[in-house]
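To start, the structure under review is shown below, and the notes come after it.
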């Protein structure tokens, strides 16, 4: 029996800059997708949390097919057993502070 996994990945989505708010709203409506940042040049940082690698590629296809999206690239992918991920997220206090390891614009 396959083990349950959690796939965490990050994407850079490039869209037409004048459509940034529209594309951000459309991506935010996708299950398991969250927009973490953007730039005036039309680039967005998107984090996905999915059950399988197939859901990642399916979601990338959905994003690429949105109007005004020029390109989507996966830049990070991590696989964790679901029980370890669940234990870790339950133990971490939510401080309300999001920290980024990357400084500057997207």
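Residue numbers (the UniProt record's numbering): 1 to 106. C-beta: ideal position from N, C-alpha, C; glycine also.
Would the beta-carbon of residue i fall within 9 angstroms of that of residue j?
i          : j          : result
residue 8  : residue 49 : yes
residue 5  : residue 67 : no
residue 62 : residue 13 : no
residue 20 : residue 75 : no
Which residue from the options puts its Cα closest to that of residue i?
i          : options           : result
residue 73 : 51, 60 and 65     : 60
residue 18 : 37, 36, 32 and 41 : 41
residue 30 : 70, 77, 20 and 46 : 46
residue 54 : 23, 77 and 16     : 77
residue 15 : 35, 57, 58 and 44 : 44
Assign residue i to buried or exposed, taking buried as 16 or more other Cβ atoms, counted over all protein chains shown, within 10 Å of its Cβ.
i           : result
residue 25  : exposed
residue 101 : Residue placement at residue 101 is poorly supported in this model, since its pLDDT is 43, which falls under 50; the coordinates still yield a value, given next. The residue in question, residue 101, is exposed, as its Cβ has fewer than 16 Cβ neighbours within 10 Å.
residue 3   : exposed
residue 38  : buried
residue 107 : With the chain covering only 1 through 106, there is no way to say anything about residue 107.
Checking the sheet assignment: what are the DSSP bridge partners for residue i?
i           : result
residue 36  : Residue 36 is not bridged to any residue.
residue 8   : 49 and 78
residue 20  : DSSP output for residue 20 lists no bridge partner at all.
residue 71  : 14
residue 3   : Beta-bridge pairing links residue 3 to no other residue.
residue 130 : The structure shown does not extend to residue 130, since the chain is modelled only from 1 through 106, so no value can be given for it.
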